[in-house]
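Per the working numbering, the very first residue in the sequence shown carries number 626; after that it's consecutive. Backbone N, C-alpha and C fix where the C-beta goes; we use that ideal spot for every residue, glycine too.
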Amino acid sequence: MARKLLILFLLLSWCVFTECSDFEIPYKTPQNCEENQYFRFSTLSCENCRPDQATLRRSEDRLSCVCRTGYKLTEYKGGPEVVCEKCMPENTTNSLDGSFCIKCPENVGFNVQTGTCESCPENSFPADRDRNGAQLTTRKCVRCEGETRPGATFKEACRLCHSSFLDRNNSSCFDSCSGDEYEISGGVCFQKTDLKLVTTYPNLYRVKYGDEVITSTYFEENLRAAEALCRANSNFTACQLLGNLCVLLNYIEEEDACKFYLDFFEKVPPLVTFRKNNDWPVDMPWLYYESYSVTEVVDDKGITQKFESNAELSFLFAVFTLNGSFVGTETGLNVLHLCRDRPSRIAAASKFATTYRSSCSVTVKEMNNSMFFYDTYLIVGDDLYPVPLLVENYRSSENEAVNEGTDRDKWKLTRRFYLVESIVGMSVNNKWMRFAEKIELNIRMRSTDGEIFPPLLRIRYRALDVNDEEVLNGNHEVSFAVTYEMDDTKITKDTEIAVGCLSALAVILALVKVSSWRRREGKLEFDGITIIKFILFCFGTFSVMLFWIAFGMSFQSLVFFKQQKTVSILLPAKSQDQETLFLTLLYVAFAFKLLDAFHILLTQIFFDIFFIDWERPQGRVNQPTQGGGAGASDAPVSIWRTLFIANEWNEIQTIRKTNTELQIFLVLFFLKVAGFEYLSTTDPFSRYSASADNEYIGEFSQVLRFAVLCIVFLSVEVVQWFFFAFIYERFFGDALGDFIDLCSMSNVSIFILENNRYGYYIHGRSVHGHADTNMLQMNEQLKREEDDLCGKRGLEPNSELQTFEIEVPAKFRQQYDNVVRPLRQAESQQQRRNMANSMGQDGRTTSLPASVEKRLLAYNTLNRFLSAFIDHSLRDLDYLVRDKLLFEHILNMELKDLPPPDKAVFYNDNGRSFNSVLLYGHEWTLMLFDLLMFAFVDSLAQDFVLAGVVTYLVAKILIIFRNKFGRKNITIKTLVDERFLI
């Protein structure tokens, strides 16, 4: 008992560690069964022959057990039980059908070693029953008389001997086909004078498998017979066999089988005409298009049927065996599939305008060993149209792979093909096979009304040395595709014209921008910096133009291809100029927009900015003097308001009109979850979901993916912009408006010079005169504004306008630079480490370095200078306020004469143009950059999710870059220590 429990425990432990399953069985095939076992197909397992191994053996098909030689069958009911009885006496054997025992003929004898009768004499066959089926006690050897011989497979009757062995003069068969006069070839008896001599053709049986050349046993047995019978008798089967042997040589005319075929082709007059192809003799297979150029064949306009989108394409295949026998016909493109798939998916290959691609890995054992040859025809109404074949393995007389190139004038068009060949490569020391690793059916559109040129079938074969066990059991890639093409010359030319015209417009816009920049920089000469700036502006304008051209191309393909009934437009194929042009436009647009984005970032981290503090001292305080005494001085003004404004400005530097995270999330949601991605498949179906298991889903088109991406991306962007512009900013929070209000409450204005002589001004002067106040006074000030008991916040009297574009004269810029020069001194942190004492600007003792004290003095001087300038308190510098012209707003360029040397111009701004120095003011550029980045990554990876992640990361990197160097610029230009920017 303990032993049984131990065994049970060990068994359970083994199952736990080896993951035993009640439903798991070993994988077996009939070939795996041993010699004394048969394959039980009900359980897919090998079973021993029972009940007595000595009386039974495995059947030839390995699916049952039968009686051994010398035993007769006494009981068998179709199950596993087979009862056999040994034949008695000793010199008897089992009958041919195994049902009884029989004596051997006296003139033949019994073979003790094999337990069977000796073979009957030549030209005889054994018989165990009378003609009426009665059992014989002794086997008879029946002789075939006259013109008959025993059957080759079923030796139960006499059959008429082959005509080559028939002697009609004597009404008998040749007893032998040997000697100096006769020779057997291909199972046929020939006179030696009728056969081509091997010595005349030393390479007669040579077949190339890649770089390997072998002598084929099959060629040795059949080539000369096929040539002789076709040449002498126009034998249908022999001519077909000869043609098949030429096909196996990849149609190379220099090979002997093809030489024989072409010799007969030139000598035998055509007996029938098939359409225009009068080069097809009735007794020979049609292999070559000898009488016509490639252009005549592939550009033939004989097919006049107009095909509608998703219409069924019907193909017919004439099927032949290797020996030339006609098997019949098959319809449907499933003939060309070496990959196993669902019929519903395979059927998609026959849908007109559906680009179909299928590929898989198969082993040699999985390939169909049945060897057939096919001639392809397109069914057009009640007619057949032959489909030309392009075998990429073909080599010209110069050993050039002309069929692999695109030069149609060099192509060699043929007709017949095979899928798998595993017979010809057999020889004494070699075992090779070939299979079609690539099959492509190409259909070209002839017009925009659904008419086509003749389809073209392309095949590339691959040779395998199956003597190698690793090759035999390894996986090998096979593919099948149906592709469509149309002449895209006009579309390509129109696109190139559009590129040229819009490029000219882009240059004009860049000239306008550089002209505006030169005026705002105060440049009079055309120098190298101007040329560089013009090129940078061209990057931005060119990228926009190229984007719209690429979007127009893709949008047109999406709308018309998916919705057309009669096929008038096709998607650009990967090998066509149209897709190459599209991708070129996309990549160039992205590259230019990338440079444009960096150009914008660089301009935003070097502009001049200053916070004008309008607050004035309230009262006087006693301060220690240098002599040790005490003196009265103005009360210091708090710096915290300026620091607070600097922090808020630092925060709004990187905000955008839309949310990047939400944008990417919604785009991916609509593309992947809502299924908009499926609109970009190469089949002419508009779908938003698909089951890859039950239906064929075309591969994704890069052109359509770009169109769908742009539509979704721009739609989400527009909805976001509308929501933030008309809902969120009005009812929840306006970042820029709140910042302007904060400036007014803080009594701080902002003076910005984006260019040398052009910039922006935010008027933040408090209408209450001061902002350093407590909570009670601040609320009272706000209440007074609500009740309209104080002045307006605007720069001019009775005006609410607080933002302006400004154009300053050269004199102002010169004085500004003189004042701010100390502010631009580098290495301020290192200077602060110098702790030498010096006298402060207000007369009090300070421990700051002299250089820092000088910067503080410059800061106060600049604050007073700009305050006086805004207050019209400078005699030699003043400004006037006016509106911009409509055309100036459109071009973003000042068209009036330059202001006088002592006058600046403040242009009323209702659109907060100061956002030009913020990311907020470049939403279109940044959005287009994100979109092109998204499309660029997707075109490389064909993965929307990856593209979205990369786009998000790049957008964040740009924001980090802008924030870091923007903070540094604030620190340098305004003397606000970076430690206070949080």
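| Item | Value |
| --- | --- |
| Nearest-angstrom beta carbon gap, residue 1060 and residue 1044 [assumed within contact, 8 angstroms] | 7 angstroms |
| Between the CA atoms of residue 1284 and residue 1358 - distance to the nearest angstrom | 14 angstroms |
| Reduced DSSP secondary structure (H/G/I, E/B, other) of residue 763 | strand |
| Completely contained alpha helix (DSSP H) runs for the region 1069–1122, where each covers 4 or more residues | 1094–1098 |
| Residue nearest to residue 1196 in terms of C-alpha spacing, selected from 1371, 1116, 1219, 1546 | 1116 |
| The region 939–955 in contact with the region 983–1000 per 3-pair CB rule at 8 angstroms | yes |
| Close beta carbons around residue 1545, own chain, < 8 angstroms, minus the five adjacent residues each side | 1277, 1280, 1281, 1282, 1360, 1361 |
| Bounding residues of the alpha helix (DSSP H) (the contiguous stretch that carries residue 1217) | 1202–1228 |
| Beta-carbon spacing of residue 726, residue 735 below 8 angstroms | no |
| Residues bridged to residue 625 [DSSP beta-bridge criterion] | Nothing about residue 625 can be reported from this structure: the residues present for the chain run from 626 to 1607 only. |
| Classification of residue 1261 by the beta-carbon crowding that lies within 10 angstroms, buried from 16 upward | exposed |
| Counterpart residues of residue 662 in DSSP-defined beta bridges | 673 |
| Burial state of residue 1313 (16 or more Cβ within 10 Å) | exposed |
| Residue of 1241, 1275, 1286 minimising C-alpha distance to residue 1264 | 1241 |
| Three-way DSSP call (helix, strand, coil) for residue 1606 in this model | coil |
| Close Cβ partners of residue 841 (< 8 angstroms) along its chain, the five nearest in sequence each way excluded | 830, 831, 832, 1049, 1050, 1051, 1052 |
| Below-8 angstroms beta-carbon distance, residue 744 vs any chain D residue | No chain D appears in the structure shown, which is made up of a single protein chain. |
| Cα-Cα separation, residue 1385 to residue 1524 | 16 angstroms |
| Residue 917: first and last residue of the uninterrupted beta strand (DSSP E) it sits in | Taken as a continuous stretch (DSSP letters only), residue 917 belongs to no beta strand (DSSP E), as it is neither H nor E. |
| Residue 1488 in three-state terms, based on DSSP | helix |
| Residues of its chain near residue 1137, where Cβ-Cβ distance is below 7 angstroms and the 5 sequence neighbours each way are ignored | 1516, 1518 |
| Cβ shell of residue 1046 (< 7 angstroms), same chain only, five flanking positions each side left out | 873, 996, 1058, 1059 |
| Identified DSSP bridge partners for residue 1058 | 1089 |
| Simplified DSSP state of residue 855, which is helix, strand or coil | helix |
| Three-state class that DSSP yields for residue 830 in the structure shown | coil |
| As assigned by DSSP and simplified to three states, the class of residue 1503 | strand |
| At least 3 beta-carbon pairs within less than 8 angstroms: the region 1365–1385 vs the region 1222–1238 | yes |
| Own chain residues within Cβ distance below 6 angstroms of residue 1326, not counting five before or after | 1196, 1305, 1307 |
| Residue 1051 - partner residues in DSSP beta bridges | 1056 |
| Residue range of the alpha helix (DSSP H) that includes residue 864 | 861–873 |
| Reference residue 724, options 990, 1080, 758, closest by Cα | 758 |
| Cutoff 7 angstroms; reference residue 1301; Cβ partners in own chain excluding five residues on either side | 1295, 1313, 1333, 1337 |
| Contact set for residue 1193: own chain, Cβ-Cβ below 6 angstroms, skip 5 residues either direction | 1073 |
| 6 angstroms Cβ shell around residue 1055 - same chain, five flanking residues per side excluded | 839 |
| Distance between beta carbons of residue 1018 and residue 828, contact taken as under 8 angstroms | No, residue 828 and residue 1018 are not in contact; Cβ-Cβ is about 18 angstroms, not under 8 angstroms. |
| Identity of the residues DSSP links to residue 1005 by a beta bridge | 1008 |
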